[in-house]
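Report on one structure; see the data block that follows.
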Amino acid sequence: MPLDQALSDRLAAIVGPTACITDAKDMAAYLHEERGLYRGRAAMVLRPSTTAEVAAVVAACAAAKLPIVPQGGNTGLCGGASPHEDASEVILSLSRMNKIRAIDPVNFTMTVEAGCILADIQAKAAEQNCLFPLSLAAEGSCQIGGNLATNAGGINVLRYGNTRDLALGLEVVLPDGRIWNGLRALGKDNTGYALRQLFVGAEGTLGIITAAVLKLFPRTQETATALCALADVNAVSQLLSRARALSGDAVTAFELIPRIGLEMCAKHIAGCSDPFAASHPWYVLIEFSTSRPDAAIRDAFDRLLEGAFEDGTIVDAVVASSLEQAKSLWRLRESLPEAQKHEGGSIKHDISVPVSLVPDFITQGMAAIAAHFPGARCVPFGHVGDGNVHFNVSQPVGADSTAYIGRWAEMNRIVHDLVMTMNGSISAEHGIGRLKVEEMLHYKDPVELDLMRRLKHAIDPSNLMNPGKVVR
Numbered sequence: 001m002p003l004d005q006a007l008s009d010r011l012a013a014i015v016g017p018t019a020c021i022t023d024a025k026d027m028a029a030y031l032h033e034e035r036g037l038y039r040g041r042a043a044m045v046l047r048p049s050t051t052a053e054v055a056a057v058v059a060a061c062a063a064a065k066l067p068i069v070p071q072g073g074n075t076g077l078c079g080g081a082s083p084h085e086d087a088s089e090v091i092l093s094l095s096r097m098n099k100i101r102a103i104d105p106v107n108f109t110m111t112v113e114a115g116c117i118l119a120d121i122q123a124k125a126a127e128q129n130c131l132f133p134l135s136l137a138a139e140g141s142c143q144i145g146g147n148l149a150t151n152a153g154g155i156n157v158l159r160y161g162n163t164r165d166l167a168l169g170l171e172v173v174l175p176d177g178r179i180w181n182g183l184r185a186l187g188k189d190n191t192g193y194a195l196r197q198l199f200v201g202a203e204g205t206l207g208i209i210t211a212a213v214l215k216l217f218p219r220t221q222e223t224a225t226a227l228c229a230l231a232d233v234n235a236v237s238q239l240l241s242r243a244r245a246l247s248g249d250a251v252t253a254f255e256l257i258p259r260i261g262l263e264m265c266a267k268h269i270a271g272c273s274d275p276f277a278a279s280h281p282w283y284v285l286i287e288f289s290t291s292r293p294d295a296a297i298r299d300a301f302d303r304l305l306e307g308a309f310e311d312g313t314i315v316d317a318v319v320a321s322s323l324e325q326a327k328s329l330w331r332l333r334e335s336l337p338e339a340q341k342h343e344g345g346s347i348k349h350d351i352s353v354p355v356s357l358v359p360d361f362i363t364q365g366m367a368a369i370a371a372h373f374p375g376a377r378c379v380p381f382g383h384v385g386d387g388n389v390h391f392n393v394s395q396p397v398g399a400d401s402t403a404y405i406g407r408w409a410e411m412n413r414i415v416h417d418l419v420m421t422m423n424g425s426i427s428a429e430h431g432i433g434r435l436k437v438e439e440m441l442h443y444k445d446p447v448e449l450d451l452m453r454r455l456k457h458a459i460d461p462s463n464l465m466n467p468g469k470v471v472r
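The working numbering numbers the first residue of the sequence shown as 1 and each following residue consecutively.
See the structure below:
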């Protein structure tokens with residue numbers, strides 16, 4: 001559906017002709033998402049370079065009742081940045097807004113624009129002997145605006161929290177084109193509603209995040225890493241509790257890997273191999289870190305492993321003796337999603353339950369899948385230190401991938417019903433997007449849904465900001 005020519009010309013004039021994309025081939029990269037679940041269409045793609053340009057575009061679209069799909073690095077896994085198929089929306093890409101506006105190593109803050117690549121923010125912090133701890137597989141291409149919009153998690157949540165916990169202030173363009181300047185670099189600001197929390201995790205449905213003040217931390221001086229083998233998944237919670245106590249809560253990461261996942265990585269990913277002489281059903285990748293050069297964290301790490309080995313909590317361990325060995329162990333964990341792609345269709349779940357219930361969830365979930373989907377291969381892995389399990393299920397060997405993926409909703413009901421019996425969440429870190437809207441309607445408390453709808457209508461009464469995502 002082509003736009004009115006006058007409106008099209010006006011939008012192009014705001015961002016400049018080279019930042020307005022209307023050719024179908026040039027738009028293609030903006031129209032599909034990471035998993036290939038959605039491939040939409042758009043009236044045009046706009047790439048503003050300043051907050052003022054974003055505001056002008058939004059104001060023009062609001063006057064014309066033209067919906068907008070904000071987009072960062074387009075690395076999301078739930079279709080939150082994907083346009084619908086009717087070409088009724090414009091995509092607003094933040095990729096040109098990639099300036100680091102300020103860094104204050106004394107205040108431990110950095111002010112960045114939404115299009116900054118996460119890895120670039122990490123590197124800039126390191127130059128100032130600081131740490132920005134958000135870390136995830138897509139950090140080389142994802143943008144901080146998208147991280148904030150989805151409240152991304154990653155491997156360091158156990159120690160530093162989600163993205164929501166790493167933002168002190170925001171700059172947001174509202175659905176009517178006004179700019180809210182909330183870029184406060186304050187650890188304390190008790191002046192009413194914490195408005196920034198409305199926009200973090202809202203996936204662009206309430207406004208467009210254009211900049212943020214981020215928290216920094218002292219740079220890590222010492223790290224200890226090991227891949228531990230477990231005979232029983234029930235040992236996971238006990239090992240985590242002991243690790244937190246012995247380290248003085250210096251556990252940076254605590255990642256679960258099942259035997260089948262390690263085998264998939266060794267089979268399909270170059271540079272991955274099984275570091276153990278014998279096979280074991282479960283593995284946990286543990287990392288301690290500290291910013292204190294005299295913390296002797298390795299002593300606490302060794303005590304953890306020795307005690308856990310003596311009482312049978314772990315049955316073997318490979319301890320990294322160098323940075324390269326640590327990277328090799330992390331490669332096994334980080335390569336799991338890619339390795340699964342080589343095994344055919346995979347139905348994925350991003351869930352969380354209380355940490356103490358993680359073993360029960362995995363045991364009961366695997367039993368339920370075995371009963372209802374004979375031959376399906378459960379690959380539960382991920383951030384069990386904060387209760388987040390990526391409960392992925394690969395198709396049976398030799399099965400038809402399309403037919404298997406067609407049972408996604410059926411499997412969701414089994415897995416998500418179990419999650420709810422444990423007072424968990426059907427989305428721990430990936431967001432809702434388009435993929436889980438129906439699941440939200442099915443599981444979310446009616447009062448919560450009502451409050452969310454009221455907020456959406458109050459801030460975006462015309463439903464122009466990323467419509468059809470998160471809540472409807």
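Even glycine gets a Cβ: it sits at the ideal position worked out from N, Cα and C.
Option in Asn162, Ala403, Ile144 with minimal Cα separation from Ile347: By 1-based counting over the sequence shown, the position of residue 347 is 347. Among Asn162, Ala403, Ile144, the Cα nearest to that of Ile347 is on Ala403.
- request: Compare the C-alpha of Pro70 against each of Leu46, Glu334, Pro281 and name the closest.
  value: The residue given as residue 70 occupies position 70 in the sequence shown. In this structure, Leu46 is the residue among Leu46, Glu334, Pro281 with its C-alpha nearest to the C-alpha of Pro70.
task: Below 7 Å CB to CB, which residues in the same chain sit around Ile408 once its five sequence neighbours on both sides are set aside?
output: Position 408 of the sequence shown, counting from 1, holds the residue named residue 408. Strictly speaking, residue 408 in this sequence is Trp, with Ile absent from that position. When the five nearest sequence neighbours on each side are left out, the beta carbons in the same chain lying within less than 7 Å of the beta carbon of Trp408 are those of Ile347, in order along the chain.
query: Quick one, which of Asp9, Ala59, Ala81 has its alpha-carbon nearest Glu33's?
result: For this step, residue 33 is matched to residue 33 along the sequence shown. Answer by Cα proximity: Ala81.
query: Are the beta-carbon atoms of Leu94 and Gln143 separated by less than 8 Å?
result: Along the sequence shown, one-based indexing puts residue 94 at 94. Along the sequence shown, one-based indexing puts residue 143 at 143. Yes, they are a contact pair.
message: Give me the residue from Ala87, Leu206, Thr191, Leu37 with the minimum Cα distance to Arg472.
response: Reading the sequence shown from its first residue, position 472 is the one you call residue 472. Selected option, being the one with the closest Cα: Leu206.
Continuous beta strand (DSSP E) stretch holding Thr290: start and end: Start at 1 with the first residue of the sequence shown, and residue 290 comes out as number 290. Here the beta strand (DSSP E) through Thr290 covers 282-290.
- prompt: With a Cβ-Cβ cutoff of 8 Å, do Gly73 and Gly153 count as a contact?
  reply: By 1-based counting over the sequence shown, the position of residue 73 is 73. By 1-based counting over the sequence shown, the position of residue 153 is 153. Contact: no.
- request: Measure the beta-carbon distance from His280 to Val319 and round it to whole angstroms, keeping in mind my assumption that it falls under 8 Å.
  value: Residue 280 sits at position 280 when you count from the first residue of the sequence shown. Residue 319 sits at position 319 when you count from the first residue of the sequence shown. Rounded, the Cβ-Cβ distance is 16 Å, inconsistent with contact.
- request: Could you tell me which residues DSSP pairs with Val213 in its beta bridges?
  value: Translated into the one-based positions of the sequence shown, residue 213 becomes position 213. The partner list for Val213 (beta bridge, DSSP) reads Thr111, Gly169.
task: Please work out which residues of its chain come closer than 7 Å, Cβ to Cβ, to Arg10, disregarding the five sequence neighbours upstream and downstream, and give them in chain order.
output: The residue you call residue 10 lines up with position 10 of the sequence shown. Answer for Arg10: Ala60, listed in chain order.
- prompt: In angstroms, rounded to a whole number, what distance separates the CA positions of Ala12 and Asp23?
  reply: Translated into the one-based positions of the sequence shown, residue 12 becomes position 12. Translated into the one-based positions of the sequence shown, residue 23 becomes position 23. Cα-Cα distance, rounded: 13 Å.
Rounded straight-line distance, which links the Cα of Arg292 to that of Asp386: Residue numbering aside, residue 386 sits at position 386 when the sequence shown is read from its first letter. Residue numbering aside, residue 292 sits at position 292 when the sequence shown is read from its first letter. Roughly 24 Å between the two C-alpha positions.
field: the region 299-315 touching the region 221-236, judged by at least three CB pairs closer than 8 Å
entry: Pairwise C-beta distances place the region 299-315 in contact with the region 221-236, as three or more of them are shorter than 8 Å.
query: So, is Asn190 buried or exposed, given that buried needs 16 or more other C-beta atoms within 10 angstroms?
result: Position 190 of the sequence shown, counted from the first residue, corresponds to residue 190. Exposed, since its Cβ has fewer than 16 Cβ neighbours within 10 Å.
- prompt: Can you round the beta-carbon distance between Ile426 and Ile362 to whole angstroms, since I take them to be within the 8 Å contact cut?
  reply: Here residue 426 corresponds to residue number 426 of the sequence shown, with the count starting at 1. Here residue 362 corresponds to residue number 362 of the sequence shown, with the count starting at 1. Between the beta-carbon of Ile426 and that of Ile362 there is about 16 Å, and that puts the pair past the 8 Å contact cut.
- prompt: To which residues of the same chain is Gln128 closer than 7 Å at the C-beta, ignoring the five residues directly before and after it?
  reply: Residue 128 sits at position 128 when you count from the first residue of the sequence shown. Closer than 7 Å at the Cβ level, and outside the excluded window around Gln128, lie Ile103, Pro105.
- request: Could you tell me which of Lys469, Gly468, Val470, Leu464 sits nearest to Leu174, measuring between CA atoms?
  value: By 1-based counting over the sequence shown, the position of residue 174 is 174. Ranked by Cα distance from Leu174, the first of Lys469, Gly468, Val470, Leu464 is Leu464.
task: Report the residue from Val397, Leu418, Leu332, Asn423 whose alpha carbon sits nearest the alpha carbon of Gly382.
output: As a working mapping, residue 382 is identified with position 382 in the sequence shown. When each option's Cα is compared against that of Gly382, the closest is Leu332.
Through-space distance from Ala266 to Ala277, alpha-carbon basis: Within the sequence shown, numbered from 1, the residue matching residue 277 stands at position 277. Within the sequence shown, numbered from 1, the residue matching residue 266 stands at position 266. So the two alpha carbons sit approximately 14 Å from each other.
- prompt: How long is the line joining the alpha carbons of Gly261 and Asp360, rounded to whole angstroms?
  reply: The residue you call residue 261 lines up with position 261 of the sequence shown. The residue you call residue 360 lines up with position 360 of the sequence shown. Taking the straight line joining both Cα atoms gives about 19 Å.
message: Can you tell me whether Asp249 is buried or exposed? The criterion is at least 16 other CB atoms within 10 Å of its CB, across all chains shown.
response: Your numbering for residue 249 matches position 249 in the sequence shown. It counts as exposed.
message: Taking the beta carbon of Lys327 as the centre, do at least 16 other beta carbons fall within 10 Å, making it buried, or is it exposed?
response: The residue labelled residue 327 in the question sits at position 327 within the sequence shown. A residue is called buried once 16 or more other Cβ atoms fall within 10 Å of its Cβ, and Lys327, having fewer, is exposed.
Every unbroken alpha helix (DSSP H) inside the region 388-427 [4 residues or more]: If we require 4 residues or more, the alpha helix (DSSP H) runs fully inside the region 388-427 come out as 401-405, 408-421.
- request: Give, in chain order, every unbroken run of the beta strand (DSSP E) that is at least 3 residues long and sits entirely within the region 43-113.
  value: Runs found: 44-46, 68-71, 90-93, 100-104, 109-113.
message: Given this structure, state the Cα-to-Cα distance separating Arg303 from Arg242, to the nearest angstrom.
response: Counting from one through the sequence shown, the residue named residue 303 turns up at place 303. Counting from one through the sequence shown, the residue named residue 242 turns up at place 242. Rounded to the nearest whole angstrom, the C-alpha separation of Arg303 and Arg242 is 10 Å.
task: Output the distance between the C-alpha atoms of Ser254 and Phe288, rounded to the nearest integer angstrom.
output: Looking up residue 254 in the sequence shown gives position 254. Looking up residue 288 in the sequence shown gives position 288. According to the sequence as given, residue 254 is Phe; it is not Ser. If you draw a straight line from the Cα of Phe254 to the Cα of Phe288, it comes to about 9 Å.
- request: Could you spell out the range, first to last residue, of the beta strand (DSSP E) harbouring Ser352?
  value: Walking along the sequence shown from the start, residue 352 turns up at place 352. Unbroken beta strand (DSSP E) run through Ser352: 350-352.
- request: Measure how close the beta-carbons of Asn151 and Val200 come, nearest whole angstrom, since I'm counting them as under 8 Å.
  value: Residue numbering aside, residue 151 sits at position 151 when the sequence shown is read from its first letter. Residue numbering aside, residue 200 sits at position 200 when the sequence shown is read from its first letter. Sure, about 5 Å apart at Cβ, within 8 Å.
query: Which whole runs of the alpha helix (DSSP H) in the region 185-249 are 4 residues long or more, in chain order?
result: 196-199, 235-247, all fully within the region 185-249.
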